[in-house]
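Residue numbers (our numbering): 139 to 576.
Below is one structure, written out as structure tokens, with a few remarks after it.
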């Protein structure tokens, strides 16, 4: 298929590095002046470092500013990092955290419009225009996936088809009936959906030309497999709820890294050990400063995502910095079907269930039929294995419901007798990720 390059905002996406650094510096100065005094967390951090707003005169001074971590967001939950009066907050989004509390992001009306514009730039990178119909099968709700792509479609002027997640048969029916030209979901679900469409024999009846996939790591091999089945071009979209949502970066048709919208997000790649800057092309932790957000702007937010960064003009003509596909994370979080899952969430949920359920568990992450699966082995009182089967089934269902509520993703629960799960004198092994062995 012949692909036409689409650049939605050439002035910003193709600006020279000097021009962009000047703009970034101006925005950073305004950002620091805005949060200092308005956000106690940043005010205190800057005072501790001996930094005042007047010390920040350009983007090169960003290294004088404090870092922000996910723990800081939890400590200031829910609205402690909001930089505007709360009546100006137009919406909130959130993602799961380790303590049962959400990692919350707050948006003004301006921020929502910014989000839509950034997502629209990404859709344009995929060659999409107002004439397209975008089938969104990310989940809607507090999770940013569905809403981000929906806002992007609206800003682009395209038709949004808000399917949300699940119900594959209905997804396939609507994809054909509504003549969708693009679809958006996690890459693992995209492959599952592609194979389901192929088995149903309807691929040739579809109008699809592009797939927008993110929220979990995926390989070039998976991208090529989806493309080969559906005869489309697939794109890797990136974003974090805390920073904005999907639309922070995406690859263009040349697939040589994900273009960061540098007029709105300033990226740094730093050595995780000492926070020193990494050389171009060197792997480190991705750190973002949100230059344009009003509601809950973040300064030097440590994403824990490991990547490298490349400057210089891309073959598409964009001058925006490009980040490589992620090689991993600096923590033990697992991304399962696009949802962030931490082992400590399982422990917290089990401990709340009382004495019949022991806080000894093992998470087994696998991939079946190109879909992520999560099995949680849980030790329970031995009396359940001598009583009626229906009592064991009832407890299994109860634990499954509690874990689904805590994690935001369904799992298979396997009940085992006490002392079944191996103990360790050192750090307990809580997770086996078999996806890495495939």
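The C-beta atom is built at its ideal place from N, Cα and C for all residues, glycine as well.
### Query
Given residue 451, which residues of its chain have a CB within under 7 Å of its CB, disregarding the five upstream and five downstream residues?
Within the chain shown, residue 451 is the residue found at index 313, counting from 1. Once the five neighbours on either side are set aside, the close Cβ partners of residue 451 are 457.
### Query
Does DSSP put residue 334 in a helix, in a strand, or in coil?
One-based indexing of the chain shown puts residue 334 at position 196. Three-state DSSP puts residue 334 in a helix.
#### Entry: Alpha carbon of residue 293 to alpha carbon of residue 287, nearest angstrom
Stepping through the chain shown from its first residue, residue 293 is reached at position 155. Stepping through the chain shown from its first residue, residue 287 is reached at position 149. Approximately 10 Å between the Cα atoms of the pair.
#### Entry: Distance, residue 290 Cα to residue 297 Cα
Here residue 297 refers to the residue found at position 159 when the chain shown is read from its first residue. Here residue 290 refers to the residue found at position 152 when the chain shown is read from its first residue. Computed Cα separation, rounded: 10 Å.
#### Entry: Euclidean distance between Cα positions of residue 602 and residue 368
This structure cannot settle anything about residue 602, because the visible part of the chain is limited to 139 through 576.
### Task
Take residue 150 and list the residues in its own chain whose beta-carbon comes closer than 7 Å to its own, dropping the five residues that flank it on each side.
The residue labelled residue 150 in the question sits at position 12 within the chain shown. 401, listed in sequence order.
### Task
Alpha carbon to alpha carbon, how far is residue 219 from residue 225? Give it in angstroms, no decimals.
Residue 225 sits at position 87 when you count from the first residue of the chain shown. Residue 219 sits at position 81 when you count from the first residue of the chain shown. Looking at the two C-alpha atoms, the distance is approximately 15 Å.
### Message
Does the region 478-495 come into contact with the region 319-337, if we say contact requires no fewer than three beta-carbon pairs (one atom in each stretch) closer than 8 Å?
### Response
no
### Query
Under 8 Å, do residue 243 and residue 230 count as touching if we go by C-beta distance?
The sequence position of residue 243 within the chain shown is 105, counting from 1. The sequence position of residue 230 within the chain shown is 92, counting from 1. Cβ distance < 8 Å, so residue 243 and residue 230 count as in contact.
### Query
residue 313 lies in the alpha helix (DSSP H); which residues open and close that run?
Counting from 1 along the chain shown, the entry for residue 313 is found at position 175. Start and end: 306-315.
### Task
Would you check if the distance between the CB atom of residue 446 and the CB atom of residue 420 is smaller than 8 Å?
Locating residue 446 in the chain shown gives position 308, counting from the first residue. Locating residue 420 in the chain shown gives position 282, counting from the first residue. Contact flag set, yes.
### Query
How big is the Cα-Cα spacing for residue 236 and residue 349?
As a first step, residue 236 is located in the chain shown; it is residue number 98 there, counting from the start. As a first step, residue 349 is located in the chain shown; it is residue number 211 there, counting from the start. Here residue 236 scores only 49 on pLDDT, less than 50, and its place in the model is too uncertain to base an answer on.
### Query
Taking Cβ positions, are residue 376 and residue 475 nearer each other than 8 Å?
By one-based count along the chain shown, residue 376 stands at place 238. By one-based count along the chain shown, residue 475 stands at place 337. Result no, Cβ atoms of residue 376 and residue 475 do not sit closer than 8 Å.
### Message
Along the chain, where does the alpha helix (DSSP H) containing residue 482 start, and where does it finish?
### Response
Position 344 of the chain shown, counting from 1, holds the residue named residue 482. Note, residue 482: alpha helix (DSSP H), 481-489.
### Message
For residue 553 and residue 501, what's the separation of their Cα atoms in angstroms?
### Response
Here residue 553 is taken as the residue at index 415 of the chain shown, counted from 1. Here residue 501 is taken as the residue at index 363 of the chain shown, counted from 1. Approximately 12 Å between the Cα atoms of the pair.
### Residue interval of the alpha helix (DSSP H) (run including residue 171)
Working through the chain shown from its first residue, we reach residue 171 at position 33. Residues 155-173.
### Other residues of its chain near residue 408: CB distance less than 7 Å, five sequence neighbours each side excluded
As a position in the chain shown, residue 408 is number 270, starting the count at 1. Closer than 7 Å at the Cβ level, and outside the excluded window around residue 408, lie 414, 415, 416, 422, 423 and 425.
### Task
Label residue 404 either buried or exposed according to how many other C-beta atoms from any shown protein chain fall within 10 Å of its C-beta, with 16 as the threshold for buried.
Along the chain shown, one-based indexing puts residue 404 at 266. Per the 10 Å Cβ criterion, buried.
### Query
Secondary structure at residue 378, three-state DSSP: helix, strand or coil?
Walking along the chain shown from the start, residue 378 turns up at place 240. Three-state result, residue 378: coil.
### Query
In chain order, what residues of the same chain lie with their CB nearer than 6 Å to the CB of residue 550, ignoring the 5 residues before and after it?
Walking along the chain shown from the start, residue 550 turns up at place 412. Once the five neighbours on either side are set aside, the close Cβ partners of residue 550 are 513.
### Task
Would you mind stating whether residue 204 and residue 437 have Cβ atoms separated by less than 8 Å?
By 1-based counting over the chain shown, the position of residue 204 is 66. By 1-based counting over the chain shown, the position of residue 437 is 299. A contact, by the Cβ cut-off of 8 Å.
### Query
What are the partner residues of residue 300, as DSSP defines its beta bridges?
Locating residue 300 in the chain shown gives position 162, counting from the first residue. In the DSSP output, where bridge partners are listed per residue, residue 300 has 274.
### Query
Mind checking whether residue 380 and residue 211 have CB atoms under 8 Å apart?
The count along the chain shown starts at 1 and reaches residue 380 at position 242. The count along the chain shown starts at 1 and reaches residue 211 at position 73. Yes. Within cutoff.
### Task
For the region 209-285, list the beta strand (DSSP E) runs that are entirely contained and at least 3 residues long, ordered along the chain.
227-233, 241-246 and 271-274
### Message
If you measure between the beta carbons of residue 300 and residue 330, is that distance less than 8 Å?
### Response
Residue 300 sits at position 162 when you count from the first residue of the chain shown. Residue 330 sits at position 192 when you count from the first residue of the chain shown. No, they are not a contact pair.
### Query
Opposite residue 461 in the DSSP bridges: which residues?
Taking the chain shown and counting its residues from 1, the one referred to as residue 461 is at position 323. Partner(s): 396 and 447.
### Task
Can you grab the Cα-Cα spacing for the pair residue 262 / residue 388, in whole Å?
In the chain shown, the residue the question calls residue 262 occupies position 124. In the chain shown, the residue the question calls residue 388 occupies position 250. Going by the C-alpha atoms only, they are around 10 Å apart.
### Message
Suppose you measure from the CA of residue 534 to the CA of residue 259; what does that come to, to the nearest Å?
### Response
One-based indexing of the chain shown puts residue 534 at position 396. One-based indexing of the chain shown puts residue 259 at position 121. Their Cα atoms are separated by approximately 46 Å.
#### Entry: residue 464, buried or exposed, once every other Cβ within 10 Å from all chains shown has been counted against 16
Position 326 of the chain shown, counted from the start, is the residue given in the question as residue 464. Label assigned to residue 464: buried.
### Cβ-heavy atom distance, residue 313 to the ligand MN, below 7 Å
Absent from the structure shown: the ligand MN. Ligands present: none.
### Task
Evaluate residue 384 with the Cβ neighbour count: other Cβ atoms within 10 Å of its Cβ, from every protein chain shown; 16 or more gives buried, anything less gives exposed.
Residue mapping note: residue 384 aligns to position 246 of the chain shown, counting from 1. Buried is the call here.
### Query
Which term fits residue 320, buried or exposed, when burial requires 16 or more other beta carbons within 10 angstroms of its beta carbon?
As a first step, residue 320 must be located in the chain shown, where it is residue number 182. That one is buried.
#### Entry: With 16 other Cβ atoms within 10 Å as the buried cut-off, status of residue 362
The residue you call residue 362 lines up with position 224 of the chain shown. When all chains shown are included, residue 362 counts as exposed.
### Message
As a quick exercise: from 250, 162 and 157, pick the residue whose alpha carbon is nearest that of residue 434.
### Response
Numbered from its first residue, the chain shown carries residue 434 at position 296. Per the Cα distances, 250.
### Query
Could you give the distance in angstroms between the alpha-carbon of residue 165 and the alpha-carbon of residue 195?
Taking the first residue of the chain shown as position 1, residue 165 is located at position 27. Taking the first residue of the chain shown as position 1, residue 195 is located at position 57. Those two C-alpha atoms are separated by around 10 Å.
### Query
residue 341 by DSSP, collapsed to three states: which one?
Position 203 of the chain shown, counting from 1, holds the residue named residue 341. DSSP places residue 341 in helix when its eight states are reduced to three.
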